[in-house]
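Here the structure is laid out as structure tokens; the discussion comes afterwards.
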Amino acid sequence: MMKSNQQQGFSLIGAIFLMVVLAAVGGYMVSISSGFHISGANAVEGSRAYYAAKGGLEWAISELELDNAAVNSATVCSGTVDGQVTNYGSGALDGFSVQLSCSSSSYTETPNTYSIFIVEARSYKTALGVSAIGSLGYVSRSMKAKVTDAP
0 MMKSNQQQGF SLIGAIFLMV VLAAVGGYMV SISSGFHISG ANAVEGSRAY
50 YAAKGGLEWA ISELELDNAA VNSATVCSGT VDGQVTNYGS GALDGFSVQL
100 SCSSSSYTET PNTYSIFIVE ARSYKTALGV SAIGSLGYVS RSMKAKVTDA
150 P
């Protein structure tokens, strides 16, 4: 039979082991929780980027004035719309930039000649220096539309 003074300290090792395991599990749960918060925030920012791109695309198409015969839409496409960059500084789209591109080509349906315009809008978040792909918080959305001045 063992004496009680020879068994001292064994429960201390078990308690330390249990504390280390519980701390590791707790740390893992915190990292999972923060991952959920980051993905939720990115989903909201992605939605905002979508609407920024959509707004830019709609603006570009309206600038072409396809229903106005007095406007040379091809000139507007290459001059006003192509290369246009809008930086939002306030409101729901604060921190986003929208970059537009426009190209045109013509086709003939005898006896008429019509134009096809390819308009692209790319929005991305620029707040807090976030404009590089792969950086935390970076979001970008791109939309493209083909429109024509044919009736």
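Numbering-wise (numbering that gives the first Met the number 0), the sequence shown opens with residue 0 and increments by one.
Each residue gets a CB set at the ideal place from its N, CA and C atoms; glycine is no exception.
- Task: Report the option in I132, C76, V19 whose CA atom is closest to the CA atom of K145.
- Result: As a working note, residue 145 is residue 146 in the sequence shown. Closest option to K145, Cα to Cα, is C76.
- If you compare alpha carbons, which of V138, K143, S30, S114 is closest to A40? The sequence position of residue 40 within the sequence shown is 41, counting from 1. Minimum Cα distance to A40 is reached at V138.
- Looking at the structure shown, is A73 part of a helix, part of a strand, or coil, going by DSSP? As a first step, residue 73 must be located in the sequence shown, where it is residue number 74. DSSP places A73 in helix when its eight states are reduced to three.
- Query: Can you tell me the Cα-Cα spacing of I179 and G45, whole angstroms?
  - Reply: As shown, the chain starts at 0 and ends at 150. That puts residue 179 outside it, with no answer to give.
- Query: In the structure shown, what three-state DSSP assignment does N67 receive?
  - Reply: In the sequence shown, counting from the first residue as 1, residue 67 sits at position 68. Correct three-state label for N67: coil.
- Message: Using the three-state DSSP reduction, which class does S96 fall into: helix, strand or coil?
- Response: Translated into positions along the sequence shown, residue 96 becomes position 97. In the structure shown, S96 sits in a strand (DSSP, three-state: E or B).
- Message: With a threshold of 8 angstroms, are at least 3 pairs of Cβ atoms found where one atom belongs to the segment 74-92 and the other to the segment 48-64?
- Response: yes
- Task: Per DSSP, which residues does M142 bridge with? Please list them.
- Result: Stepping through the sequence shown from its first residue, residue 142 is reached at position 143. Its beta-bridge partners are A120.
- Task: For my contact list, D148 and Y106 are in at a C-beta cut-off of 8 angstroms; report their separation, rounded to the angstrom.
- Result: Start at 1 with the first residue of the sequence shown, and residue 148 comes out as number 149. Start at 1 with the first residue of the sequence shown, and residue 106 comes out as number 107. About 11 angstroms separates the CB atoms of D148 and Y106; that is not less than 8 angstroms, and the two are not in contact.
- Task: Under 8 angstroms by Cβ, that's how I've got S122 and A52 pegged, so tell me the actual separation to the nearest angstrom.
- Result: Locating residue 122 in the sequence shown gives position 123, where the first residue counts as 1. Locating residue 52 in the sequence shown gives position 53, where the first residue counts as 1. So it is a contact: roughly 4 angstroms between Cβ atoms.
- Start-to-end residues for the beta strand (DSSP E) that takes in V85: Position 86 of the sequence shown holds residue 85. First, the amino acid is wrong: residue 85 is Thr here, not Val. Counting along the chain, the beta strand (DSSP E) containing T85 begins and ends at 84-86.
- Tell me the DSSP bridge mates of S114? If you number the sequence shown from 1, residue 114 lands on position 115. Paired residue(s): S105.
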